[in-house]
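In UniProt numbering, the protein residues as written are 1 to 460. Here's the structure, in structure tokens; my notes come after.
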Amino acid sequence: MKFESNEDFDFPIEKFEHMLKTNNVLFFDADEFVEIVEHYIDMGKLALAKKAMRLGLHQHPNYTDLKLLKAEIYIFEDKHAQAENLLNYLQKVDPQNEEIYVLQANIYSKQDRHLEAIETLEYTLDFAVQPSEIFNLIGIEYLFMENFEKAKATYMKCLDQDQKDFTALYNIIYCFDFLDQQEEAIVYLNQFLNKNPYCEIAWHQLGKLYYDIGEDKRALQAFDFAIYSDDYFVGAYLEKAKVLERLKRYHEAIENYKISNQLDDPTAYAYLRIGKCYIKLNQSVEAVKYFKKAVHEDPMMDKAWSALTEFYMNKKEYKTALSFVNKALNIDGENPHHWRNFSIINAELGYEDESKKGLQHALEFGNYEFENLVMQIDICIEEEKWKDALDTLDYAQEFYENHPEFLYRLSGVYFKLKEYTRAQEIFQKAFAIHQGYAFEMFELFPEMSMHSDYKSYFKL
1 MKFESNEDFD FPIEKFEHML KTNNVLFFDA DEFVEIVEHY IDMGKLALAK
51 KAMRLGLHQH PNYTDLKLLK AEIYIFEDKH AQAENLLNYL QKVDPQNEEI
101 YVLQANIYSK QDRHLEAIET LEYTLDFAVQ PSEIFNLIGI EYLFMENFEK
151 AKATYMKCLD QDQKDFTALY NIIYCFDFLD QQEEAIVYLN QFLNKNPYCE
201 IAWHQLGKLY YDIGEDKRAL QAFDFAIYSD DYFVGAYLEK AKVLERLKRY
251 HEAIENYKIS NQLDDPTAYA YLRIGKCYIK LNQSVEAVKY FKKAVHEDPM
301 MDKAWSALTE FYMNKKEYKT ALSFVNKALN IDGENPHHWR NFSIINAELG
351 YEDESKKGLQ HALEFGNYEF ENLVMQIDIC IEEEKWKDAL DTLDYAQEFY
401 ENHPEFLYRL SGVYFKLKEY TRAQEIFQKA FAIHQGYAFE MFELFPEMSM
451 HSDYKSYFKL
């Protein structure tokens, strides 16, 4: 084949694409072909990768790295038999090339043969240039097998090899978390930090663990050390602000949320939390300003619309609140908290049907708050929908077993259904638990107070 003379090109990719446009064949170094093929694989342009690989093997037929890329493309196309044949050949030619075994392990992994993948990878550890990368791959296989103890131990070996392998550190914490080993994770991170006192990632993870178990002062110290190690670490400022907010140190929390927005692109989350802090400080003007910034930054953040809803509910501006709760529901129509607010707002505006609909949806989507259940049951009683009342009372018993308010109502419903014996048994059970709630029966079921079985209880 005749090769045209090379022109001056800054990059092999540019040179290769020029060749394709002009239809002239240019000569490339073998490493340049590797760079070109890897570029197109990363870009997902497999046809161009294969074209570059074919030309590369034509110009450099014995170059192992190009043949490894050919095997990689076979694996990408799920042509495992062709890939294995090529890898077996390469293993004979270059038996201590770790990439051969990594690709073979990849095939095993794709075939769910994870133990074989692990054995293949472990074989390479004696001659691997960077054992930490091999340990990383072994850890992934253990994660696929959901063997979190072995995955954790493997990633620890990975971190021993490379103290700055933060992916391994995150995976170790992930394994601790999955195994519900918070205390062990704290011990491990403290030991790691004794050797690496300026590792901001470790301090950050330690702070989150302390926060989760309620050790707020220790969490605060950990986040301060993370910031000391890297004063541009946005995540540390956010987590520190959360701790300060929980400690009711709202001014300091606001300051840290604001710093996080200054160091990086502003987030709706930080604006929302700032607004919540201002609510706690009774600074409503500032609060609503930041809630509006939150929805401007991220119009799909339903929690921010909910914050605006509750702000205007507290001000008794229910029409404005209704417009905001509708926006929250448009984003997340299965959120029981939004439906509860929707129900309360419509009740205040006198829209009874809409209020009932909101309450029904709140229960349907899992909001079993006590007040919601009482409201729903009382609506059913008022409308004499006894079956619906019984269904809702059954729900209530799952969450508030033997609560007297529900037992009294249950007794009243059975009374209305003329199941007098059952009604009396339940009433006596409720009365034994709490006598005071019995007087609610007079309002809900006034005819019961006049019945001979109950007169003595009401003492009217």
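Quick reminder that beta carbons are idealized off the backbone N, C-alpha and C, glycines included.
Please return the same chain residues whose Cβ sits closer than 6 Å to the Cβ of Phe225, not counting the five positions on each side in sequence. Trp203
May I ask which residues mark the beginning and end of the alpha helix (DSSP H) holding Pro336? 336-348
Backbone CA spacing between Leu460 and Gln397 [nearest angstrom]: Here Leu460 scores only 46 on pLDDT, less than 50, and its place in the model should not be relied on; the value that follows carries that caveat. So the alpha carbons of these two residues sit roughly 30 Å apart.
DSSP on Leu26, reduced to helix/strand/coil? strand
Which of the three DSSP states is assigned to Cys199 in this structure? coil
Give me the residue from Asn341, Ile426, Leu55 with the minimum Cα distance to Tyr318. Asn341
Boundaries of the alpha helix (DSSP H) in which Arg218 is found, first to last residue: 216-229
Starting from residue 461, trace the alpha helix (DSSP H) both ways and give me its first and last residue. Not covered by the structure: residue 461. The range shown for the chain is 1 to 460.
Check the C-beta distance from Asn136 over to Ala168 and give it rounded, since I have them as a contact under 8 Å. 6 Å
Cβ pair Leu281, Tyr250 closer than 9 Å: yes
Just how far apart, CA to CA, sit Tyr74 and Tyr101? 15 Å
Nearest by alpha-carbon distance to Glu141: which of Ile433, Leu329, Ala438, Tyr108 is it? Tyr108
May I ask you to report which of helix, strand or coil DSSP gives Phe233? coil
Report buried or exposed for Pro299, applying the criterion of at least 16 other Cβ atoms within 10 angstroms of its Cβ. exposed
With distances taken Cα to Cα, identify the nearest neighbour of Asp265 among Phe415, Glu297, Leu247. Glu297
Pull up the distance between the alpha-carbon of Asp94 and that of Leu87, whole angstroms please. 10 Å
Range covered by the alpha helix (DSSP H) that runs through Asn171: 166-178
Which listed residue (Leu68, Asn97, Gln96) has its alpha carbon closest to that of Asn85: Leu68
Go ahead and pull the three-state DSSP assignment for Phe11. coil
Helix or strand or just coil, what does DSSP make of Ser109? helix
Have a look at Ser260 and Phe192 and give me their C-alpha separation to the nearest angstrom. 27 Å
Chain-order list of residues whose beta-carbon lies under 6 Å from that of Leu244 (same chain, five-residue window excluded): Glu252, Ala253
Quick one: what's got a C-beta closer than 6 Å to Tyr198's C-beta in the same chain, skipping five residues either side? Ser229
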